[in-house]
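S.K.: Would you mind keeping the following structure in view while I ask a few things?
Number of protein chains: 2
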Amino acid sequence: MFTLAEENYLKAIFHLEHEGSGEVSTNAIAESMETKPSSVTDMIQKLAEKKLVVYKRYKGTLLTEKGKKIAANVIRKHRLWEVFLVDKLNFHWDEVHEIAEQLEHIQSEELITRLDKFLGSPDFDPHGDPIPDKNGVLKRTEKKLLSQIEKNQKGVCVGVKESSADFLQYLDKKKISIGTKITVLGKEFFDGSMIIQVGNEQFFISHKIAENLYVQTL
Amino acid sequence: MFTLAEENYLKAIFHLEHEGSGEVSTNAIAESMETKPSSVTDMIQKLAEKKLVVYKRYKGTLLTEKGKKIAANVIRKHRLWEVFLVDKLNFHWDEVHEIAEQLEHIQSEELITRLDKFLGSPDFDPHGDPIPDKNGVLKRTEKKLLSQIEKNQKGVCVGVKESSADFLQYLDKKKISIGTKITVLGKEFFDGSMIIQVGNEQFFISHKIAENLYVQTL
DNA sequence: CTTTATTTTTAGTTAAGTCTAAAAATAAAG
DNA sequence: CTTTATTTTTAGACTTAACTAAAAATAAAG
Chain W
4 MFTLAEENYL KAIFHLEHEG SGEVSTNAIA ESMETKPSSV TDMIQKLAEK KLVVYKRYKG
64 TLLTEKGKKI AANVIRKHRL WEVFLVDKLN FHWDEVHEIA EQLEHIQSEE LITRLDKFLG
124 SPDFDPHGDP IPDKNGVLKR TEKKLLSQIE KNQKGVCVGV KESSADFLQY LDKKKISIGT
184 KITVLGKEFF DGSMIIQVGN EQFFISHKIA ENLYVQTL
Chain R
4 MFTLAEENYL KAIFHLEHEG SGEVSTNAIA ESMETKPSSV TDMIQKLAEK KLVVYKRYKG
64 TLLTEKGKKI AANVIRKHRL WEVFLVDKLN FHWDEVHEIA EQLEHIQSEE LITRLDKFLG
124 SPDFDPHGDP IPDKNGVLKR TEKKLLSQIE KNQKGVCVGV KESSADFLQY LDKKKISIGT
184 KITVLGKEFF DGSMIIQVGN EQFFISHKIA ENLYVQTL
C-alpha cells in the first residue's frame with residue numbers, strides 16, 4: 004500500500020508531533036531520519052499530494068487523520084515485534100530496535116492480529132512504550148520523568164525516553180528495568196543530579212540519566 | 004548486504020537450477036519472477052560482476068558457491084518463518100507463502116538462530132520442503148511422487164510439489180496433509196489417474212494431483 | 001528597517017530496478 | 001544451407017528516493 008520510505012517518514016513525523024507541539028519543521032525531520040532537508044521537502048510534497056500530511060511551504064508539516072493512522076499502525080507493528088523478540092526469542096531490550104525497524108514494514112493485517120493474540124495482547128513494549136491498538140489509539144499513562152520527582156518520593160520505572168543501546172546497557176549495569184522501584188534520596192538543584200536507591204544499592208545519577216527514565220509515582 | 008531484488012533473483016535461480024539441470028535460461032528466470040527478459044539480463048550482469056553467478060551471453064546462468072549460499076540462506080529464512088506462522092500463529096499452510104516472501108528478507112543472523120531454536124530446529128517446512136541448515140545444506144529425503152507408487156503400495160504424505168492455495172485447499176477437502184497415510188488401490192495406465200484410500204474414504208484422483216504429492220513408501 | 005544568518009525550497013544529478021522497442025545471436029524448419 | 005522463428009541482449013526512457021549546489025523565504029541582530 005505504501006512504500007518503505009513513505010512509512011518511515013510518516014512514523015518520524017508522528018514521533019516529532021508527539022514531542023514538540025505544533026507543525027514539524029523540515030530540518031527536524033531531516034535530522035531525525037539522518038537525511039538531508041532537500042530530500043525531506045521532496046517526500047513531504049509527495050505525502051501532501053496523497054493527503055497524508057498537511058504541508059505549507061516554509062511553515063512545516065502536520066499529519067492528517069489518515070497519515071496518523073498509518074503511522075500509528077507502523078508503530079504498533081514495531082512494538083509488537085519488539086515484544087515478540089524479547090518475550091519469545093529472549094532477546095535483550097537493547098538488541099531489538101533495528102530488527103523491529105525491518106519487521107514493522109511487513110504487510111499483513113492478519114499477521115499482526117495473530118501476533119498480537121499470540122503475545123497476549125500486550126499494552127506496552129519492552130521499553131515501556133505504549134502499543135497503539137488497531138485504530139491507532141494509545142493508552143495514556145501517568146508517567147513522569149525521574150528528573151521531575153521530588154526528594155524522598157518513590158516511583159516505579161515504567162519506560163525509557165531514549166532507547167539507545169548505550170543507555171539501556173547503563174540501566175542494566177545499575178539493575179534498573181521496567182518494574183524496578185526507585186527512591187529519590189537526594190536532588191542537587193545546581194546540575195539536576197540525584198542520589199537514588201535501587202534495591203539495596205544507593206548511587207549517584209546525572210541529570211541526563213534522570214530525564215530519560217519514566218517512572219510512575221507510588 | 005544484498006538488496007531485496009538481488010536476493011529474489013538468486014532464490015529464483017536456485018530453484019530453477021534444482022528443477023531442470025544445467026544452465027538456467029533468461030526467459031525461465033523472467034517467467035518464474037513475472038518480469039521481462041530484458042530486466043533479467045540487466046540484473047544477471049550485475050550479479051555476475053559481484054561473482055554471485057557465472058554468466059555467458061546467450062548461454063545461461065549458474066550460481067557460484069557464494070550465490071548458492073546466499074540463496075539457500077534466503078530459502079532457510081523463508082521456510083523457518085513458514086513454520087513459525089503455522090506452528091505458532093496457527094496459520095493454515097495455504098496462507099503463509101506471501102507473508103514468508105516478505106519475512107525472508109529480514110536481515111539478522113541472530114534472529115534466525117533464535118527463531119530456529121524457538122521452533123525446535125525443524126527439518127521441514129509446513130509443505131514438507133526441507134529447511135537448509137546454516138551452511139545451506141539440505142537434508143535429502145527418500146520422497147517419491149505419488150504418481151510413481153504402484154498399486155497396493157502404501158505411502159505417507161511428506162510434502163507437495165506445487166503449493167498453490169488452490170491445490171492445498173483441494174488436499175484439505177480430501178483430508179490429506181503432511182503425515183497422512185495413503186494407499187493406492189487402483190491405477191489407470193491410460194491417463195495416470197488413481198483410486199486411493201485415505202482414512203476410511205476411497206476416492207478418485209487425477210494424474211495432475213498424483214504428480215504433485217510427495218510420499219515416502221511404507 | 002536593513003543586513004546577516006538560518007531554514008527551506010528548487011533545480012539538476014545519480015543509482016537501482018524496471019519497462020518498451022529494436023537489434024543481434026541462436027535454434028528450428030524447409 | 002538459407003529462411004524463419006525464437007531467445008536474448010542492447011539502447012533508451014521512466015520512477016523512486018536520494019544527493020549537491022544554488023536560490024528564495026523567513027527569522028534574528030544590529
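Each protein sequence line maps, in turn, to chains W and R. According to the working numbering, the first sequence is numbered sequentially starting from 4. According to the working numbering, the second sequence is numbered sequentially starting from 4. We put the beta carbon where it would ideally sit given N, CA and C, even for glycine. All of these numbers come straight from a predicted model, not from anything done at the bench.
1) DSSP three-state call for Q156/R: helix, strand or coil?
2) Using a C-beta cutoff of 7 Å, does Q245/W count as contacting chain R?
3) From which residue to which residue does the alpha helix (DSSP H) around Y173/W run?
4) Measuring only the C-alpha atoms, how far is W96/W from K211/R?
5) Could you list which residues in chain W have their beta carbon closer than 7 Å to that of K91/R, in chain order?
6) Is it buried or exposed, M4/R, if we count other Cβ atoms within 10 angstroms and call 16 or more buried?
7) In terms of residue numbering, what span does the beta strand (DSSP E) encompassing F207/W cover?
8) Counting pairs of Cβ atoms below 8 Å between the region 57-65 of chain R and the region 140-152 of chain R, do you hit three or more?
9) May I ask you to report which of helix, strand or coil DSSP gives L55/R?
10) Just verifying my parser: in three-state terms, what is the DSSP assignment at M4/W?
11) Kindly indicate the opening and closing residues of the beta strand (DSSP E) around I102/R.
12) Less than 8 Å between the CB atoms is what I'm expecting for T67/R and K49/R, so what's the real figure, rounded?
13) If you compare alpha carbons, which of K178/R, G182/R, N203/R and N215/R is closest to G195/R?
14) Given that Q110/R touches chain W, what residues does it touch there, using C-beta distances under 8 Å?
15) Going along the region 166-179 of chain R in order, which residues come within less than 9 Å of chain W, judged by CB to CB distance?
16) Report back the beta-carbon spacing between Q219/R and E145/R to the nearest angstrom; my notes put them in contact at under 8 Å.
17) Which residues share a DSSP beta bridge with F127/R?
18) For a contact defined as C-beta to C-beta under 9 Å, what are the partners of I102/R on chain W?
M.R.: Reading from the atomic positions:
1) When secondary structure is reduced to three states using DSSP, Q156/R falls in the coil class, being assigned neither helix nor strand.
2) Here chain W comprises residues numbered 4 to 221, so residue 245/W is not present and cannot be evaluated.
3) From DSSP, the alpha helix (DSSP H) with Y173/W extends over A168 to K176.
4) C-alpha separation (whole angstroms): 51 Å.
5) Proximity of chain W to K91/R at the Cβ level (cut-off 7 Å) is accounted for by F121, in chain order.
6) Flag for M4/R reads exposed.
7) DSSP places F207/W in the uninterrupted beta strand (DSSP E) bounded by E204 to I208.
8) No, they do not touch.
9) It is coil, neither helix nor strand.
10) Of the three classes helix, strand and coil, the one that applies to M4/W here is coil, per DSSP.
11) Note, I102/R: premise wrong, no beta strand (DSSP E); alpha helix (DSSP H) at H100 to L106.
12) Taking 8 Å as the upper bound for CB-CB distance, T67/R and K49/R are not in contact here, some 14 Å apart.
13) Answer by Cα proximity: N215/R.
14) Here the neighbours are Q105.
15) Residues: none.
16) Beta-carbon to beta-carbon, Q219/R and E145/R are separated by about 6 Å, close enough to satisfy the 8 Å threshold.
17) According to DSSP, which records beta bridges pairwise, F127/R is partnered with P133/R.
18) Neighbours of I102/R across chain W, judged by C-beta separation under 9 Å: I109, Q110, S111, E113 and L114.
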